[in-house]
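First residue of the sequence shown? That's 4 in our numbering, and the numbers climb one at a time after it.
Ideal Cβ positions, reconstructed from N, Cα and C, are used throughout, including at glycine.
These figures come from a predicted structure and were not determined experimentally.
Just below is one structure, and these are the notes that go with it.
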Amino acid sequence: MDEAQREFIRQVLDHGTDLTLATIRPDGYPQATTVSFACRDMTLYAGIGRGSQKANNIRHNDKVSLTINLPYHDWRDIRGLSMSAHAEILDDPQDADTARACLEARFPDVSEWVGPDMAAEVVFLRIRPMLVSVIDYSKGFGHTELINAGSD
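As structure tokens, then:
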């Protein structure tokens, strides 16, 4: 990953507030859901319902795909990321506290949803990208660059 790609990714992660997370259902079909996220470097965090379909899907298969797009008015302005990644439900209290702190720093009003008193209802995800597609239509329709972000 070169410095320009790193900066592009940083801009999308800093300015995109929601991602569409696709998990794999037990019947093999994908399920895509929008969730808010925070990140530390390239590691993404999200809070989801403990008994949600997303959580159950991840418990059975940690492979996920996601997209993060920045707002745009014209297709030539489309910029975003598409990633294949591994998602992990954070059972360790210290890991969960890290995720909670990242989310609360980005979304101060989210405390009522992700605070420690919600532990029975909410779990935190750590999402580690493996492959990242940088999407930048300012360089031409459909322009993408594939970056290996981790090992599988």
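Residues sharing a beta bridge with residue i, DSSP
i: Met86; result: Leu69 and Val135
i: Gln34; result: Thr26
i: Arg129; result: Tyr48 and Glu91
Residue closest to residue i, alpha-carbon to alpha-carbon, out of the options
i: His146; options: Ile51, Ala58, Leu84 and Asp65; result: Leu84
i: Thr46; options: Thr36, Ser141 and Val135; result: Val135
i: Arg28; options: Asp65, Arg79 and Pro111; result: Asp65
i: Asp94; options: Phe11, Ser141, Val126 and Phe144; result: Val126
i: Ile92; options: Leu73, His63 and His76; result: His63
Reduced DSSP secondary structure (H/G/I, E/B, other) of residue i
i: Ala25; result: strand
i: Ser39; result: strand
i: Leu108; result: The amino acid occupying residue 108 in the given sequence is Ala; Leu does not appear at that position. Residue state, collapsed to three classes: helix.
i: Glu6; result: helix
i: Tyr48; result: strand
i: Thr20; result: coil
Same chain, Cβ closer than 6 Å to residue i, five either side skipped, listed in chain order
i: Leu149; result: Ser136
i: Ala49; result: Val38, Phe40 and Leu128
i: Glu124; result: Arg53
Residues of its chain near residue i, where Cβ-Cβ distance is below 7 Å and the 5 sequence neighbours each way are ignored
i: Asn151; result: Leu134
i: Gly153; result: Arg131, Pro132 and Met133
Cut-off 8 Å between Cβ atoms - residues of its own chain near residue i, not counting five sequence neighbours on either side
i: Thr37; result: Asp21, Leu22, Thr23 and Leu24
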